[in-house]
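A.B. asks: The working numbering numbers the first residue of the sequence shown as 135 and each following residue consecutively.
Every residue gets a Cβ at the ideal spot worked out from N, C-alpha and C, and that includes glycine.
Structure below; questions to follow.
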Amino acid sequence: MVGRIPVIDVKPVLVTAPTEGALPVKAAVGEPFPVSATVFREGHDRLGAEVVLVGPDGKRRPPVRMTTRPPVDRHSVDRYEAWVAADVEGPWAFEIHAWSSPLGTWFHDAGIKIRAGVDVELMFKEGKLLFERVLKGKGLTRAERATVKAAIAAAGDTKRPVEARLAQIESAEVVAALEAHPLRDLLTVEGPFPVFVDRPRALFGSWYEFFPRSEGGFAGSTKRLPAIAAMGFDVVYLPPIHPIGEVNRKGPNNTVAAEGEPIPDDWDGSPWAIGSRYGGHDAIHPDLGTIEDFDAFVAEARALDLEVALDLALQAAPDHPWVAAHPEWFTTRADGTIAYAENPPKKYQDIYPVNFDAYPYDHPDSLATEVLRVVRHWMAHGVRIFRVDNPHTKPVSFWQWLLAEVRGTDPDVLFLAEAFTKPPMMQTLGAVGFHQSYTYFTWRTAKVDIEDYLLEVSAESAHRVRPNFFVNTPDILHEFLQYGGPPAFRIRAALAATSSPTWGVYSGYELGEHVAVRPGSEEYLDSEKYQVRHRDWDAATAPGTVGADLTSYISRLNAVRRAHPALQLLRNLTVNPTDSDQIVSYSKVAGPDRVIVVINLDPHQPRETMVHVDLAALGLPPGSSYTVHDELTGDEWTWGEHNYVRLPPEQPAHILSVREHT
């Protein structure tokens with residue numbers, strides 16, 4: 135039912151079906167997020183609106199006043215908005231409080247009627263009564279009480295000139311005191327609307343992916359951790375570490391043994407073909423070490439302020455223990471065989487997809503219950519982040535059940551969705567509880583596509599999906615990196631690291647690895663998905679090498695991210711127009727921290743342009759000049775609204791912190 139003061143079209147609200155109500159929208163501790171609604175009433179009386187956050191303890195926090203902006207179209211008429219932030223993790227909610235504002239109505243009418251000589255003393259008398267109501271309220275400071283009393287006296291002082299009395303009442307001091315303590319008549323409350331506030335790592339972090347088997351197992355991987363930490367990464371993500379199936383095992387570059395031929399002994403297989411005689415999803419590949427070695431790896435990572443993220447790939451090799459024990463967890467074809475994975479024309483003969491439909495999720499014999507057990511097993515060994523492989527190939531309802539089960543006991547555990555799929559599925563996976571998602575960032579390389587996508591992820595979908603901008607993955611070597619040389623690697627790293635609060639790289643990016651298995655393919659040559667790949671890190675990052683330059687560049691990007699709160703937020707991005715179709719610019723602001731980013735998207739030649747900075751978005755008045763400091767080079771310039779920029783491929787980005795303005 136519509137309230138006495140109608141409040142409609144509230145945002146952000148997540149509704150998956152009319153009968154289910156709202157799901158919690160996303161926020162993180164300390165992250166400002168916007169709440170808006172259309173608020174109106176009959177007639178011409180003024181109204182007010184506030185956002186009130188309700189904490190996990192059920193207590194309401196101090197209200198935040200909503201304001202309106204001049205409408206730009208019919209959809210923005212009577213649109214109220216406020217930015218709010220929660221300070222602890224857990225289930226929150228927000229309410230919108232709307233009311234008739236007799237003070238607002240009086241100030242509007244009095245300003246017209248008293249100056250026109252209409253009902254002058256009657257208007258002053260009505261104002262005096264309203265001010266006395268404010269004075270009877272609670273929470274006024276001593277100074278505010280004195281100010282309101284002076285306004286009451288002015289309203290009733292018929293000996294003073296009318297203009298002087300009105301001027302005193304309309305003074306900034308009186309208006310501020312009355313605005314701080316509004317009279318709320320016909321109060322209407324809409325909500326609560328749920329919000330779940332996650333720990334900061336759900337929003338901000340730098341990820342590094344590598345294969346432990348290419349580092350000599352967990353012993354060698356543990357030795358690799360200091361170098362990863364030195365580059366400024368926060369999360370180390372491991373592809374599956376479980377036993378690899380021996381049936382239909384894949385060889386280098388996805389080769390398949392001829393029918394009837396034995397699998398060569400030196401074929402390492404795909405880590406995503408999980409399960410063998412050595413165990414399944416709760417076991418470790420014997421070549422990597424023992425569970426004690428894994429625990430030592432996690433402990434060393436924690437000592438270096440790194441979190442460990444583990445792959446959760448819900449599929450099985452043909453010789454996984456699940457296949458014999460629970461054939462009902464798989465799909466059987468008409469000829470009695472179990473269906474292997476395929477994405478025609480691609481075939482994955484070494485992998486069986488799973489099927490969740492045999493039992494209710496909470497049934498003791500269900501695959502869902504087994505997955506929950508596996509997740510809790512690795513949680514007990516220090517894993518608090520899971521990267522989920524292909525979640526879009528499993529029922530959304532299963533993920534909603536699983537994530538709710540984990541959140542109910544361990545709300546700090548995070549899940550990243552590797553869902554390169556249609557937008558409705560990506561959005562819904564985020565809505566039902568995934569904390570982050572892979573995105574289409576890798577394929578956004580043209581200026582117009584980049585600008586559109588940044589606005590989408592930072593504004594349109596931020597309440598549903600938090601992006602994780604991986605610049606490459608074991609599956610994705612974009613042609614931009616294949617043919618752009620080291621400048622392409624700098625461009626994509628700078629773009630990902632400054633536009634999204636969470637970004638990631640797959641091992642080898644810092645060395646400029648760029649060779650595809652064949653022209654037109656996004657697969658790496660000699661991909662680690664199928665074989666061990668040994669790297670001589672000392673030689674590859676020696677002074678003067680591409681590896682040394684890119685490693686230093688990535689390290690600097692991560693240091694800048696940590697130093698600037700503005701780069702740690704998602705919803706604060708503003709695109710700045712430029713005159714070049716090869717240069718993109720945007721600004722990010724967090725309180726006093728203001729950053730302007732300018733990037734040349736052309737890895738082959740210098741580009742120049744005028745950058746037109748949105749001063750209002752930076753909180754600067756029109757005509758301002760200010761000093762900008764380049765966080766990558768140390769250079770400083772004086773900037774204004776319109777600024778000339780030239781960026782060569784070898785230094786394709788400005789990350790400019792605003793130091794001062796006049």
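Measure the Cβ-Cβ separation of glycine 238 and proline 316 and say whether it is below 9 Å.
C.D. replies: Position 104 of the sequence shown holds residue 238. Position 182 of the sequence shown holds residue 316. In contact: glycine 238 and proline 316 (Cβ atoms closer than 9 Å).
A.B. asks: Are there 16 or more other CB atoms within 10 angstroms of the CB of alanine 306, so buried, or fewer, so exposed?
C.D. replies: Residue 306 sits at position 172 when you count from the first residue of the sequence shown. It is exposed - the Cβ of alanine 306 has fewer than 16 other Cβ atoms within 10 Å.
A.B. asks: Looking only at its chain, what residues have a beta carbon closer than 7 Å to the beta carbon of serine 445, apart from the 5 residues adjacent to it on each side?
C.D. replies: Working through the sequence shown from its first residue, we reach residue 445 at position 311. At residue 445 the sequence reads aspartate, which differs from the serine that was named. Closer than 7 Å at the Cβ level, and outside the excluded window around aspartate 445, lie Leu372, Pro373, Pro374, Arg521, Asp523.
A.B. asks: What does DSSP give as the partner residue(s) for glutamate 324 in the beta ladder?
C.D. replies: Looking up residue 324 in the sequence shown gives position 190. Per DSSP, Ile230.
A.B. asks: Which stretch, first to last residue, makes up the beta strand (DSSP E) that contains leucine 446?
C.D. replies: Reading the sequence shown from its first residue, position 312 is the one you call residue 446. Element bounds for leucine 446: 441-446.
A.B. asks: How is glycine 681 classed by DSSP in three states: helix, strand or coil?
C.D. replies: Counting from one through the sequence shown, the residue named residue 681 turns up at place 547. It is helical.
A.B. asks: CB valine 723 to CB glycine 753, shorter than 9 Å?
C.D. replies: Locating residue 723 in the sequence shown gives position 589, where the first residue counts as 1. Locating residue 753 in the sequence shown gives position 619, where the first residue counts as 1. Taking 9 Å as the Cβ cut-off, valine 723 and glycine 753 qualify as a contacting pair.
A.B. asks: Compute the Euclidean distance between the alpha carbons of glycine 155 and leucine 148, then round it to the nearest angstrom.
C.D. replies: Reading the sequence shown from its first residue, position 21 is the one you call residue 155. Reading the sequence shown from its first residue, position 14 is the one you call residue 148. Between glycine 155 and leucine 148, the C-alpha separation is close to 8 Å.
A.B. asks: Hey, out of Trp773, Gly177, Trp217, Val206, whose CA is closest to serine 234's CA?
C.D. replies: The residue labelled residue 234 in the question sits at position 100 within the sequence shown. Comparing Cα-Cα distances from serine 234 to each of Trp773, Gly177, Trp217, Val206, the minimum goes to Gly177.
A.B. asks: Could you compute how far the alpha carbon of glutamate 784 sits from the alpha carbon of proline 740?
C.D. replies: Walking along the sequence shown from the start, residue 784 turns up at place 650. Walking along the sequence shown from the start, residue 740 turns up at place 606. Their Cα atoms are separated by approximately 9 Å.
A.B. asks: Reducing DSSP to helix, strand and coil, say where alanine 450 ends up.
C.D. replies: Taking the first residue of the sequence shown as 1, we reach residue 450 at position 316. Note: alanine 450 maps to strand in three-state DSSP.
A.B. asks: Please identify the residue among Val680, Leu659, Ser634 whose C-alpha is closest to the C-alpha of serine 721.
C.D. replies: Position 587 of the sequence shown, counted from the start, is the residue given in the question as residue 721. The shortest Cα separation from serine 721 among Val680, Leu659, Ser634 belongs to Ser634.
A.B. asks: With valine 530 as the anchor, note down where its alpha helix (DSSP H) starts and where it stops.
C.D. replies: Taking the first residue of the sequence shown as 1, we reach residue 530 at position 396. Element bounds for valine 530: 530-543.
A.B. asks: Which two residues bound the contiguous alpha helix (DSSP H) that contains phenylalanine 614?
C.D. replies: Within the sequence shown, residue 614 is the residue found at index 480, counting from 1. Segment 613-617, the alpha helix (DSSP H) holding phenylalanine 614.
A.B. asks: By DSSP, does aspartate 496 sit in helix, in strand, or in coil?
C.D. replies: Position 362 of the sequence shown, counted from the start, is the residue given in the question as residue 496. Three-state DSSP puts aspartate 496 in coil, outside helix and strand.
A.B. asks: Mapping DSSP to helix, strand and coil, what is alanine 216?
C.D. replies: Taking the first residue of the sequence shown as position 1, residue 216 is located at position 82. It is a strand residue.
A.B. asks: Threonine 772: which of Tyr760, Arg780, Arg510, Pro360 sits nearest, CA to CA?
C.D. replies: Numbered from 1 along the sequence shown, position 638 holds the residue referred to as residue 772. Closest option to threonine 772, Cα to Cα, is Tyr760.
A.B. asks: Would you call the region 411-428 in contact with the region 446-459, where contact means no fewer than 3 C-beta pairs closer than 8 Å?
C.D. replies: Segments in contact, yes.
A.B. asks: Residues in the same chain with beta-carbon distance under 7 Å from glutamine 665, minus the five sequence neighbours each way, listed in chain order, please.
C.D. replies: On the sequence shown, residue 665 is found 531 positions in, with the first residue counted as 1. Correct list, in chain order: Pro386, Asp402.
A.B. asks: What are the boundary residues of the beta strand (DSSP E) that isoleucine 717 is part of?
C.D. replies: As a first step, residue 717 is located in the sequence shown; it is residue number 583 there, counting from the start. That run of the beta strand (DSSP E) goes 717-724.
A.B. asks: Is DSSP giving tyrosine 664 helix, strand or coil here?
C.D. replies: Here residue 664 is taken as the residue at index 530 of the sequence shown, counted from 1. Tyrosine 664: coil per DSSP, three-state reduction.
A.B. asks: Using only the alpha-carbon positions, how far apart do lysine 160 and glutamine 702 sit?
C.D. replies: For this step, residue 160 is matched to residue 26 along the sequence shown. For this step, residue 702 is matched to residue 568 along the sequence shown. Lysine 160 and glutamine 702: Cα-Cα distance of roughly 15 Å.
A.B. asks: Mark arginine 249 as exposed unless 16 or more other C-beta atoms lie within 10 angstroms of its C-beta, in which case mark it buried.
C.D. replies: Numbered from its first residue, the sequence shown carries residue 249 at position 115. Exposed: under 16 other Cβ atoms inside 10 Å.
A.B. asks: Could you tell me whether the Cβ of glycine 339 comes closer than 9 Å to any Cβ of chain D?
C.D. replies: Of the protein chains in this structure there is only one, and it is not chain D.
A.B. asks: From which residue to which residue does the beta strand (DSSP E) around alanine 551 run?
C.D. replies: Sequence index remark: in the sequence shown, residue 551 carries index 417 (1-based). It spans 548-552 - the beta strand (DSSP E) in which alanine 551 sits, taken as one unbroken run.
A.B. asks: Let's test the definition: count the other Cβ atoms within 10 Å of the Cβ of aspartate 713 and tell me whether it reaches 16, buried, or not, exposed.
C.D. replies: Residue numbering aside, residue 713 sits at position 579 when the sequence shown is read from its first letter. Exposed, since its Cβ has fewer than 16 Cβ neighbours within 10 Å.
A.B. asks: From the DSSP output, in three-state form, read off alanine 336 for me.
C.D. replies: Within the sequence shown, residue 336 is the residue found at index 202, counting from 1. Helix at alanine 336.
A.B. asks: Report the rounded CA-to-CA distance for histidine 526 versus threonine 555, giving the unit in angstroms.
C.D. replies: On the sequence shown, residue 526 is found 392 positions in, with the first residue counted as 1. On the sequence shown, residue 555 is found 421 positions in, with the first residue counted as 1. Rounded to the nearest angstrom, the two C-alpha atoms are 7 Å apart.
A.B. asks: Given isoleucine 397, which residues of its chain have a CB within under 7 Å of its CB, disregarding the five upstream and five downstream residues?
C.D. replies: Along the sequence shown, read from residue 1 onward, the residue named residue 397 stands at position 263. Cβ within range, chain order: Glu380, Arg383, Ala391.
A.B. asks: When we look at the beta-carbon of methionine 257 and count the other beta-carbons within 10 Å, is it buried (16 or more) or exposed?
C.D. replies: Walking along the sequence shown from the start, residue 257 turns up at place 123. By the neighbour-count rule (16 or more Cβ atoms within 10 Å), methionine 257 is buried.
A.B. asks: Figure out for me which residue from Leu269, Thr607, Trp637 has the closest Cα to the Cα of alanine 650.
C.D. replies: Within the sequence shown, residue 650 is the residue found at index 516, counting from 1. The option with the nearest alpha carbon to alanine 650 is Thr607.
A.B. asks: Mind checking whether leucine 550 and alanine 630 have CB atoms under 9 Å apart?
C.D. replies: Here residue 550 corresponds to residue number 416 of the sequence shown, with the count starting at 1. Here residue 630 corresponds to residue number 496 of the sequence shown, with the count starting at 1. For leucine 550 and alanine 630, no; Cβs fall outside 9 Å.
A.B. asks: Where does proline 677 land, buried or exposed, given buried means 16+ other C-beta within 10 angstroms?
C.D. replies: Counting from 1 along the sequence shown, the entry for residue 677 is found at position 543. With fewer than 16 other Cβ atoms within 10 Å, it is exposed.
A.B. asks: Just to confirm, are proline 601 and valine 329 a CB contact at a threshold of 9 Å?
C.D. replies: One-based indexing of the sequence shown puts residue 601 at position 467. One-based indexing of the sequence shown puts residue 329 at position 195. Result no, Cβ atoms of proline 601 and valine 329 do not sit closer than 9 Å.
A.B. asks: According to DSSP, simplified to helix, strand and coil, what is isoleucine 514?
C.D. replies: For this step, residue 514 is matched to residue 380 along the sequence shown. Checking the sequence shown, residue 514 turns out to be alanine, not isoleucine. It is helical.
A.B. asks: Whose C-alpha, out of Gly516, Arg507, Ala451, is nearest the C-alpha of proline 487?
C.D. replies: What you label residue 487 is simply residue 353 of the sequence shown in a count that begins at 1. Comparing Cα-Cα distances from proline 487 to each of Gly516, Arg507, Ala451, the minimum goes to Ala451.
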